[in-house]
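Since the structure comes first, as C-alpha cells, the remarks are kept for the end.
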Amino acid sequence: MCVGNRAQSSIVYVNGQLHALYTNATKCVDQHLGKPYLKPTSTPLYYGVALSMGFIGEHKESNSTTDDLAFYASFGQPEIEFPCNHEVILRLKLDSGHYYLNPANIAARTDFANKRSIGQWEVEVGIPFSESSSLIENDAIGNVKLYDLSYIILSMDKAVFGDVRVQNSHKSVKLSPDNAVALKTYLSQYLIFLKHAGYHVFYTLPDFDDVKGTDPINYSLATHADGVPILSITVENMTKYLASRWTEATYRSDKSAKFRYLFEVQNAVDDVKFSISFRPPIVKALCEHEVAFIFDIKKLQFVKANSVTVPFDDWKVAFLIRTDLEHSKAGQMLRINVSTAQYYSYLSTTRTTLTAEGEALQQLLIKYLRATYLKQFETIHDALIYDSGFVQPPPPPRRQPRLRPEDTEVGCWTPSGCPHSGSKGHVCWGLVISQMIDFKGVLPWDFTTSVTQGALNAQFAWFWKRAKAELDVLKDDTHLGPEHVLSRFRYIYGEHVCFEASFKAPQIQLVCSKGSRTAIIHLFVEKGKLKPLLEGKTEPDI
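What follows is the structure, given as C-alpha cells:
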C-alpha cells in the first residue's frame, strides 16, 4: 500500500475526498437549504449542495415548487472506480426526483404530462481523466524548496453514460428512447455544473518530502478487467478472432512453421529450457486505451541446467497492453502496442500454489513472453487482436489411402477376412462401399439441388431426437442399433466395452470458402467412458 504500485491507496484517497465533499453537501442542505428544497439563488450555496442535490431549470415567480424545474434530483453517496489509467467510472446514485421530456426547455415547466419520476436509480458514467501536477514553494512544509503536488482532472464534457439500473441491483431500468435521451441530457448538464463547482479535481497521494524515485501510480494494475468495446469492436469479436488464428495455426503448422508458436513453443531463458502448449489466447478490455492479453497455458515444462524436469499445467499469464489506436480502424481492425506490455497479476493464475522454485520459473516465463513472444506476435501477426478481413482457411483435406486390389479382398474390407466380425460397432467398409456403388434406384434426396446449413442441422436434430426417444422407451442399451448412433454409441471388442458415450444433437458447419466442398461436424459428448490404448497400439489390450 505504501511502496510499489500505490494505486489502491490512491483510489481510497480519492474516494475519501469525494465522501467528505458529499457529507459537506448533505449538511449544507440540512442547515442552509431546508424544505421545500427550492433551487438556491446564492451561488456558494448552489455549489455547496451540488453533490447532494441537482437543480436544472427555473421556478415560477410565485408558489414555487420543485415541480417547476426541468430536472430535480437528490443523490446518494457517489463513488469513483479506476478501470484503467485513462478513465474513471463515476457511479451516480439518484435517490428521488423527476425530469421532463424536451430537455431544451429549461423555463418553468407546467407540462406535467411530460414529467417523469426518478427513484432509486444508479448510472455509471465513464469519464476520461488526466494526471497533472503543480510545483509549489512553501517553507512551512518541510525539507525541500519545491514540492510536486499531484492531482487528477476529470473531463466532464467527454462523459459517456451507461445503462440506468436499479440501485444495488443488476436490473436495468427500461426507458423509452425519448426518456433515455432526456435523462442523459440533464445528467450531462449536471456534470458540467459539478465541474464549475470544482468537483472534477482530486488530489492523489502526496509526497511532501524529499522522496526521490517514487513509483508512479498505475491504476490499471489494481483493477479487474470488465470488458468494454473498443472502436465498436467487442471483446467477443477479439476473442473469436484470436481463437480462429489459433485454430488456423494448429493445421497450418506443418507447412508454415512460423504459425506454430500460437499453440506450441520451445525456447530457453537463462539456461532453463521450456516447452509450452497453449490454448487460444483471451483478451479483455479495460478501456479504449488498454487491454488485458491473457496466455491460457495448457501444459508447461521446464528443463533446468541439471536436466531436472519441472512440469506444470493450467496457468494463465496476463499482460496489460496499450492499444494502438493510431493504426487501428473502427469496426475493422484493432492493434496493440506490445512494447507497452506489463505483467498483470490480477488475471494471472496457477492451478496450484507455487513454491519458491515455481515462482522463480514463473518469472522466467513472464520475461520470455514479454520480451520475445509478444515481439513474435507483432512480427508474424502484426499485433492484431481483431481483423474483420481475416477469413479462416479451411483445414487441408485428409489424405485418403490408395486402395490396392488386395485391400478389397482381405482384412476389414470383406466379412470373410475381418478379424473383428464378432465386435459390435465395427464396420466392414468394403461391404458398405459396394452397396453404395451398386445401388440402383432413386431416393427422395436425389432431387435436392441445394441444402442450407440450417436445414441440415434441423434434419440431424430430428434424427437425434427420434433416436433418443426410442432409447428412452427401450431403457436398455443392449439393443443399440445403427439408428441410435447419433444419441448413443458403444464399441465392444470381444466381450469388453472399450468405448461408450451419449451425445447431444450434432451440429454441421458448412465451410463456405470458394471451392472448399467441405463441412465441419461438431459432436457434443454428454457423458461417456473409454479404455485407453497402449502407446503405438491400434487395438485394445484385452
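According to numbering that gives the first Met the number 0, the stretch in the sequence shown is residues 0 to 541, in order.
Don't be surprised by glycine CBs; every beta carbon is placed ideally from N, CA and C.
Q) Are the CB atoms of F292 and I335 nearer to each other than 8 Å? A) yes
Q.
Between which two residues does the alpha helix (DSSP H) holding G357 run?
A. 355-367
Q | Local conformation of A370 per DSSP, three classes | A | helix
Q | Identity of the residue in G96, A196, H58, T238 nearest Y45 by Cα | A | A196
**Q.** Beta-carbon contacts of L402 that lie in its chain and below 6 Å, excluding the five residues immediately before and after
**A.** Low confidence applies to L402: its pLDDT is 48, below 50, so where it sits in the model is not reliable enough to give any reading.
(Q) On the DSSP letters alone, give me the boundaries of the beta strand (DSSP E) that F201 sits inside. (A) 200-202
**Q.** C-alpha distance - C497 paired with R487, whole-angstrom precision
**A.** 14 Å
Q) Among residues of its own chain, excluding the 5 on either side of T447, which ones have a beta-carbon nearer than 6 Å to its beta-carbon? A) Note on T447: pLDDT 48, under 50, position unreliable in the model; the coordinate value appears next. Result list for T447: empty, nothing under 6 Å.
Q) Bridge partners of R115, per DSSP? A) Y98
Q.
On a Cα-Cα basis, can you pick out the residue from Q506, P43, E235 that is closest to H521?
A. Q506
(Q) Can you tell me whether Y372 is buried or exposed? The criterion is at least 16 other CB atoms within 10 Å of its CB, across all chains shown. (A) buried
Q | Segment contact flag, the region 170-179 with the region 29-49, C-beta cutoff 8 Å, min 3 pairs | A | no
Q. Exposed or buried, which one is T238 when buried takes at least 16 other CB atoms within 10 Å?
A. buried
Q. According to DSSP, which residues form a beta bridge with S73?
A. M52, S95
Q. What does a CB cutoff of less than 8 Å around L148 pick up in its chain, not counting 5 residues either side in sequence?
A. S132, S133, L134, I135, Y202, P205
Q) Residue range of the alpha helix (DSSP H) that I191 falls in? A) 176-195
Q: Pull up the distance between the alpha-carbon of V143 and that of V200, whole angstroms please.
A: 25 Å
Q: Quick one: measure Cβ to Cβ for L544 and A49, integer angstroms, because I've assumed they're closer than 8 Å.
A: With the chain covering only 0 through 541, there is no way to say anything about residue 544.
Q) What is the DSSP secondary structure of K26, reduced to helix, strand or coil? A) helix
Q | Closest residue to F74 among Q30, Y12, L190 (Cα-Cα distance) | A | L190
Q: Report, in whole angstroms, the separation of the C-beta atoms of L93 and I117, which I expect to be a contact under 8 Å.
A: 5 Å
Q | CB contact flag (E123, I88, <8 Å) | A | yes
Q: Specify the secondary structure class of R278 as computed by DSSP and reduced to three states.
A: coil
Q: Measure the CB-CB distance between I151 and Y240 and report whether it falls below 8 Å.
A: no
**Q.** Buried versus exposed call for L68 [16 or more other C-beta atoms within 10 Å across all chains shown]
**A.** buried
Q.
Beta-carbon within less than 6 Å of H18's beta-carbon, same chain only, minus the 5 sequence neighbours each way: which residues are those?
A. none
Q: Compare the Cα-Cα distances from A72 to each of G53, C83, K59 and report the closest residue.
A: G53
Q) If you draw a straight line from the C-alpha of C427 to the C-alpha of A248, how long is it? A) 35 Å
Q. Closest to V484 by CA distance: which of M155, T517, F523 is it?
A. F523
(Q) Going by DSSP in three states, Q452 sits in which element: helix, strand or coil? (A) helix
Q. Apart from the five residues just before and just after G160, which ones in its own chain have a Cβ nearer than 7 Å to its Cβ?
A. The amino acid at residue 160 is misidentified as Gly; the sequence shows Phe. V122, V124, K183, L186.
Q) Excluding sequence positions up to five away, which residues of its chain have a Cβ less than 7 Å from the Cβ of K366? A) V268
Q) Roughly how many angstroms lie between the CA atoms of K374 and L153, to the nearest whole one? A) 35 Å
Q) Helix, strand or coil: how does DSSP classify Y45 here? A) helix
Q: Express the C-alpha separation of P481 and L430 in angstroms, rounding to a whole number.
A: 15 Å
**Q.** contact_flag[the region 310-326, the region 341-360] where n(CB pairs < 8 Å) is 3 or more
**A.** yes
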